[in-house]
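In mature numbering (1 follows the signal peptide of the UniProt record, and there is no 0), the protein residues as written are -17 to -1, 1 to 293. The structure appears below as structure tokens.
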Ligand SMILES: *[C@@H]1O[C@H](CO)[C@@H](O)[C@H](O)[C@H]1NC(C)=O
Ligand SMILES: *[C@@H]1O[C@H](CO)[C@@H](O)[C@H](O)[C@H]1NC(C)=O
Ligand SMILES: *[C@@H]1O[C@H](CO)[C@@H](O)[C@H](O)[C@H]1NC(C)=O
Ligand SMILES: *[C@@H]1O[C@H](CO)[C@@H](O)[C@H](O)[C@H]1NC(C)=O
Ligand SMILES: *[C@@H]1O[C@H](CO)[C@@H](O)[C@H](O)[C@H]1NC(C)=O
């Protein structure tokens, strides 16, 4: 009888603050949220930021719970001025910097995307030197994907609204400026030439994969983190990576899709402006910067590379 009375008074205590009238939600919320913790600690025991230095610096290291090596202070471009990151839990993701999207003969309009290559190479070098992972996240359709891809995707990636020009159809030969003829291969199909990273990015990836500083992930939607789980998502979870610097093409499509899913799933997202670009109208890029600033941080590779040397 006494136990029942205690239980119902506990219930009344929590019920005032609860939306759901289930015992489970009370247990879950009471076990994680702690409103007596300092107000500048945002989050719970497992996933939190600390706001430092009068609201100018966000500490993303989760260092109460997880070990730190040598955290770095990264100056940001947007409304959040600085972030402190733990290198061993931070990765750089480059999305879709593939021949299909960047080669001048396959995507003549992608001038800004090609300009993002050198900054991307620079930030990747700095990440590798700090034992921070470089993650290549690219379209790489396989036979199983072909069976399950929705009609909207098949239509969007065709040139005639029919299957025979969509994913994994032969794109024919291409003649480079020096006369070399390459087999462009099947459209964004896993292993094809057009799905390889463009230009000097390709040898950079091959070298990074061989030396273990880089990892490569195929994706079958715009986002590399959609749905319940993807290979990239599983890798990030198992490696306890919390913080993602993100670039690539197109910034408002596959980069944005990956960034917003990462944000939804609780990762810290940093949009690296000069490592990203789009062929879409200017307002699409503005949307990405506006919302990435709200959801996370905006960065420039130049400042990131400098900060990582400190
Ligand atoms: C809540 O936070 C305070 C202050 O950080 C701490 O002393 C206390 O142990 C926390 N309570 C729980 C249940 O985690
Ligand atoms: C903290 O920042 C606020 C503005 O956000 C400012 O008014 C205040 O003077 C600052 N305090 C210190 C000690 O710098
Ligand atoms: C695709 O199929 C249509 C017939 O439905 C045909 O007219 C067209 O030439 C085909 N295109 C290619 C690239 O095979
Ligand atoms: C021709 O140009 C392509 C693209 O720049 C390059 O990959 C290839 O090695 C070149 N081939 C020769 C024979 O120079
Ligand atoms: C960002 O870095 C690029 C070089 O990658 C530089 O040209 C540009 O001016 C920088 N932008 C800002 C806002 O600092």
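Quick reminder that beta carbons are idealized off the backbone N, C-alpha and C, glycines included.
State the Cα-Cα distance for the pair residue 283 and residue 61, rounded to the nearest angstrom. Against the chain shown, residue 283 aligns to sequence position 300. Against the chain shown, residue 61 aligns to sequence position 78. Residue 283 and residue 61 have their alpha carbons spaced roughly 10 Å apart.
How would you write the range of the alpha helix (DSSP H) that residue 288 sits in, first residue to last? Here residue 288 refers to the residue found at position 305 when the chain shown is read from its first residue. Per DSSP, residue 288 is one residue of the alpha helix (DSSP H) stretching across 284 to 292.
Residue 149 to residue 172, Cα distance in whole Å? As a first step, residue 149 is located in the chain shown; it is residue number 166 there, counting from the start. As a first step, residue 172 is located in the chain shown; it is residue number 189 there, counting from the start. So the two alpha carbons sit approximately 10 Å from each other.
Say the cut is 6 Å; is the CB of residue 147 nearer than that to a heavy atom of ligand 3? In the chain shown, the residue the question calls residue 147 occupies position 164. At least one heavy atom of ligand 3 is nearer than 6 Å to the Cβ of residue 147, so yes.
Using a Cβ-based criterion (distance less than 6 Å to any ligand heavy atom), does residue 221 qualify as near ligand 4? As a working note, residue 221 is residue 238 in the chain shown. With a cutoff of 6 Å, residue 221 does not count as near ligand 4, since its C-beta is closer than that to no heavy atom of the ligand.
Report the residue ranges of all beta strand (DSSP E) runs contained in full by the region 99 to 130; include only those spanning at least 3 residues, in chain order. Listed in chain order, they are 116 to 122.
The region 41 to 48 / the region 21 to 33 touching (three or more Cβ pairs under 8 Å): yes
For the alpha helix (DSSP H) containing residue 242, list its first residue and its last residue. Your numbering for residue 242 matches position 259 in the chain shown. 239 to 247 is the span of the alpha helix (DSSP H), which, as asked, contains residue 242.
Could you give the distance in angstroms between the alpha-carbon of residue -11 and the alpha-carbon of residue 210? Residue mapping note: residue -11 aligns to position 7 of the chain shown, counting from 1. Residue mapping note: residue 210 aligns to position 227 of the chain shown, counting from 1. Confidence is the limiting factor: at residue -11 the pLDDT is only 43, short of 50, which leaves the residue's position unreliable, though a coordinate-based value still follows. Near 39 Å, if we compare the C-alpha coordinates of residue 210 and residue -11.
Among all the DSSP beta bridges, which residues are the ones paired with residue 201? Against the chain shown, residue 201 aligns to sequence position 218. DSSP output for residue 201 lists 121 as bridge partner(s).
Residues that residue 169 bridges to, as DSSP identifies them: The residue labelled residue 169 in the question sits at position 186 within the chain shown. Within the DSSP secondary-structure output, residue 169 pairs in a beta bridge with 153.
For the alpha helix (DSSP H) that contains residue 83, what are its first and last residues? Translated into positions along the chain shown, residue 83 becomes position 100. That run of the alpha helix (DSSP H) goes 82 to 85.
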